[in-house]
């Protein structure tokens, strides 16, 4: 498994060439992970580009990469912030659409009432996906996807119906520059790994890319602003944790238990 971190230049954060060059120099991969918005165009509409990307993969390899998608509907064009799973022949195996969108960045809440403008001008407002889902990606372990700041939401990174074997956090933290933001984002992602008992792999355009085991320990990392590749094995998942089974009720039960212990303690 390999994930790529292409560049430390904010002006190149959407460039695909650094990613392709890094990947091509390192041979073919069983599982190749690219960040959010790694592909600047609509990859789902470009079969030639997908075939080209398939050259980077082994015979059973899969590329997970961020790419916007669009769909024409009766109400107009609908845009989504997605991660696509690409097979060696360029086929799209499956996809995930981001469901926790960034207010004023990916959409404007209450636009008709407040008449606010977006902070980031690009496509129209993105539409949210249906929610957490587990992706089957060929012969590889099932994966749950969290795009960018979705990793800060407890209980919203794994599908309750079909438990994934690991979590892929594709992100673009270039907006934070060299501030504390990327470190805080990584810390939040590590918490999701602990809560779910699942390993997490983070691919970031400008960093910090990392592999985190199911205990929240960082086992491999590319520092902020460092271009390179992490080539490693995927850590093993744990059995479902109490939080994965019961969610926030776990914390509430512990609070009630502590309260009862204090209340019922014999007084001297």
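Residue numbers (UniProt numbering): 1 to 268.
Ideal Cβ placement from N, Cα and C applies to all residues, glycine included.
Note that this is a predicted model, so its numbers are computed, not measured.
| Check | Outcome |
| --- | --- |
| Under 6 Å Cβ to Cβ from residue 128, same chain only, skipping five residues before and after it: list those, please. | 99 and 101 |
| Here's the rule I'm using: 16 or more other beta-carbon atoms within 10 Å means buried, otherwise exposed. How should residue 104 be labelled? | exposed |
| How many Å lie between residue 169 and residue 263 at the Cα? | 43 Å |
| Closer than 6 Å by C-beta to residue 258: which residues in its own chain qualify, once you throw out the five before and the five after it? Chain order, please. | none |
| Determine the direct distance from the alpha carbon of residue 191 to that of residue 60, and round the result to whole angstroms. | 31 Å |
| Helix, strand or coil, according to DSSP, for residue 79 in the structure here? | strand |
| From 172, 240 and 141, pick the residue whose C-alpha is nearest to that of residue 205; which is it? | 172 |
| For the beta strand (DSSP E) that contains residue 58, what are its first and last residues? | 57 to 73 |
| Tell me which residues share the same chain as residue 109 and place their Cβ nearer than 6 Å to its Cβ, disregarding the 5 neighbours each side in the sequence. | 103 |
| Quick check: the Cα distance between residue 152 and residue 260, rounded to an integer number of angstroms? | 31 Å |
| Closest to residue 55 by CA distance: which of 210, 139, 67 and 90 is it? | 90 |
| Does any C-beta atom of chain D lie closer than 9 Å to the C-beta of residue 59? | You won't find chain D in this structure, because it holds only one protein chain. |
| Can you look up residue 126 in the DSSP assignment and give me helix, strand or coil? | strand |
| Is it a yes or a no for the region 194 to 203 touching the region 235 to 250, going by three-plus beta-carbon pairs under 8 Å? | yes |
| Check whether the Cβ atoms of residue 95 and residue 84 lie closer than 9 Å to each other. | yes |
| By the DSSP assignment, the alpha helix (DSSP H) with residue 49 in it spans what residues? | 47 to 54 |
| Please classify residue 164: is it buried, with 16 or more other beta-carbons within 10 angstroms of its beta-carbon, or exposed? | buried |
| When DSSP labels each residue in this structure, what does residue 154 get in the three-state scheme? | coil |
| On the three-state DSSP scale, how would you describe residue 181? | helix |
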